[in-house]
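Residue numbers (the working numbering), protein chains in the order written: chain A, 16 to 313; chain B, 236 to 488.
Down below is the structure, laid out as structure tokens.
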């Protein structure tokens, strides 16, 4: 977002101000590529709840009247954006991937298959952003920006509180460390078919993982989830079987050395960033592939 | 517990998606609409809560082709009350939908309003947070577990990377459901047909829709990919041979 803000400010002018909310968290402002950091401190901001965070942001936006407020399209930013839109009467543009050279928004919808472009609402607007349009390192600075600390007004009568955090389960294998991943998506169709992927993984010495729909069905444990809400992976080879390549999955596999996609849909977004692809049906392919692998291995 | 579930119908991404002649919206004329999968999970979560602790589940669907079937299926799963919001929702954004059902939901006086965490065609943010502010209720999204309590619910909220948090939320509240505690249950078509004979759908007129707060799309298009995978074609055996040589080249075989 900082990278996006920097690029956009070259077109429409203005300063890039990073807003950091927390409790005793000022140290996190260190390498943000912003012209200024506003740090708002309050004990109730130690953990994220949209109840507390949007109250603070609403006050800040009303006072500062930024041209744009950029939020991540995440379980933090997305929880707040709609509330702020109604509360402050500000237009909201969501799932924005990039801004054009003439300052328009470009949003990504329908699993990455459709882009929507338009003029940024004026005079002020909220925008939630998805990853992929800018390099994160362009939002990091060598020099620390000036930090202005603001004490938040009283935050009482909050309706949401955190009881505890739950760390992700360890699982029998850490897929983030595996060099060969055999990934299954919706295209695997049924739980019994996962065995095909397991057989291939065993023959090749790889590990099976899956996209969100497969894990939500309970066909693989959550420790095998690859995606925005699971693990980011960077294997030598990511063999994607029946995976469309929707943005929430794509963002977690882009650092793979090589992605090979097997999908009968020629328009599957995964073919746009995979190195190799085939439209051959995975159900026709797997058994002969296992047999050939076993022959080669001897 | 009195639970309302708000369900949207969205484009089926398996289908061919085309842009309409205006160049700024999807061509809806032949587009198949299906239940938003996250709303499907929200409905399942509502039914689970009712099965565990009693109460009533009301499902609200805006008027789209296929809305009746979605509502009757909800009843076959265990929903008690079915409401169809009458109006022209083609092209309506989430701000419009949230405002359109605010009064209906307030009248139902729910403890919980469940909706999916997002939908594939959202351009003005997901529905849940916008709806929550219209209803002056708190909101927690990306929820994958809900337990009812006295005057509150305990929810599991997901963060990137697999981290989760257990949170307490005072009711009434809106929740954006990422995943129900079990996959949405299947009901046989025969059961849905039986339900159609006995259950009625209440229609409420949404009135004039107010979509202010959403973006104006100037152009909608299918992105031209800068790159494309090298496609492997041929017979199954030819594809297998090529894949094996790629695996060797990559050092995994």
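Glycine is no exception: its CB is placed at the ideal position from the N, C-alpha and C atoms.
Values in this document were obtained by computation on a predicted structure and should not be read as measured data.
Check each candidate in B:484, B:408 and B:247 and name the one with the smallest Cα separation from residue 349 of chain B. B:408
Taking a contact to mean a Cβ-Cβ separation below 8 angstroms, would you say residue 37 of chain A touches residue 17 of chain A in this structure? no
Does DSSP put residue 246 of chain B in a helix, in a strand, or in coil? strand
Please list the segments of the beta strand (DSSP E) lying wholly inside the region 267-349 of chain B, counting only runs of 3 or more residues, in order along the chain. 268-270, 291-297 and 316-321
Three-state secondary structure assigned by DSSP to residue 100 of chain A: helix
Partners in chain B for residue 10 of chain A, counting only beta-carbon separations shorter than 7 angstroms: As displayed, chain A neither begins before 16 nor continues past 313, which places residue 10 of chain A out of reach and without an answer.
Please go through the same chain and pick out, in chain order, the residues whose beta-carbon is closer than 7 angstroms to the beta-carbon of residue 88 of chain A, but skip the five residues on each side of it. 109, 110, 143, 144 and 145
Kindly indicate if chain B contains any beta-carbon less than 8 angstroms away from that of residue 262 of chain A. no
The alpha helix (DSSP H) enclosing residue 399 of chain B, as first and last residue numbers: It is not in any alpha helix (DSSP H) - residue 399 of chain B instead sits in the beta strand (DSSP E) that spans 399-405.
From A:296, A:301 and A:269, pick the residue whose C-alpha is nearest to that of residue 320 of chain A; which is it? Residue 320 of chain A cannot be examined here, being either before or after the span of chain A that is shown, 16 to 313.
Could you spell out where the beta strand (DSSP E) holding residue 315 of chain A opens and where it closes? The requested residue 315 of chain A is not part of the displayed model; chain A covers only 16 to 313.
When the distance is taken between beta carbons, is residue 303 of chain B closer than 8 angstroms to residue 481 of chain B? no
Any beta-carbon of chain B closer than 8 angstroms to the one on residue 289 of chain A? yes
Using a Cβ-Cβ distance under 8 angstroms, would residue 180 of chain A count as near chain B? yes
Residues of chain A with CB under 7 angstroms from residue 458 of chain B, in chain order? 130
Give the residues of chain A in contact with residue 479 of chain B, contact being defined as C-beta atoms less than 7 angstroms apart. 307, 308 and 311
Output needed in chain order: residues of the region 131-162 of chain A with a Cβ under 7 angstroms from some Cβ in chain B. 131, 132, 133, 134, 136 and 143
Can you confirm whether the region 246-259 of chain B touches the region 451-460 of chain B when touching is taken to mean that 3 or more C-beta pairs between the two stretches lie within less than 8 angstroms? yes
Segments of 4+ residues assigned as alpha helix (DSSP H) that fall wholly inside the region 86-162 of chain A: 92-103
Distance CB(residue 235 of chain A)-CB(residue 305 of chain A) smaller than 8 angstroms: no
Per DSSP, which one or two residues make a beta bridge with residue 293 of chain A? A:277
So which residues on chain A does residue 418 of chain B lean against when the C-beta distance must stay under 9 angstroms? 231, 232 and 233
Are the C-beta atoms of residue 376 of chain B and some chain A residue less than 8 angstroms apart? yes
Output the boundary residues of the beta strand (DSSP E) element that contains residue 217 of chain A. First-last for residue 217 of chain A: 209-219, but that is the alpha helix (DSSP H), not the beta strand (DSSP E).
The region 291-304 of chain A touching the region 322-338 of chain B, judged by at least three CB pairs closer than 8 angstroms: no
I'd like to know if residue 243 of chain B contacts chain A, where contact means its C-beta is closer than 8 angstroms to some C-beta of that chain. no
Check whether chain A comes within 8 angstroms of residue 454 of chain B, counting only Cβ atoms and requiring the distance to be less than that. yes
Can you list the residues of chain B that residue 239 of chain A reaches, using a CB-CB cut of under 9 angstroms? Chain B residues near residue 239 of chain A: none, gap ~11 angstroms exceeds 9 angstroms.
Listed from N- to C-terminal order along the chain, which residues in the region 94-109 of chain A have their beta-carbon within a distance smaller than 9 angstroms of any beta-carbon of chain B? 94, 95, 96, 97, 98, 99, 100, 101, 102, 104, 105, 106, 107, 108 and 109
Does residue 66 of chain A come within less than 8 angstroms of chain B when only Cβ atoms are used? yes
Mind pulling the chain B residues with CB within less than 8 angstroms of residue 236 of chain A? Neighbours of residue 236 of chain A on chain B: none; closest Cβ ~11 angstroms, over 8 angstroms.
8 angstroms Cβ shell around residue 455 of chain B - same chain, five flanking residues per side excluded: 254, 258, 259, 260 and 261
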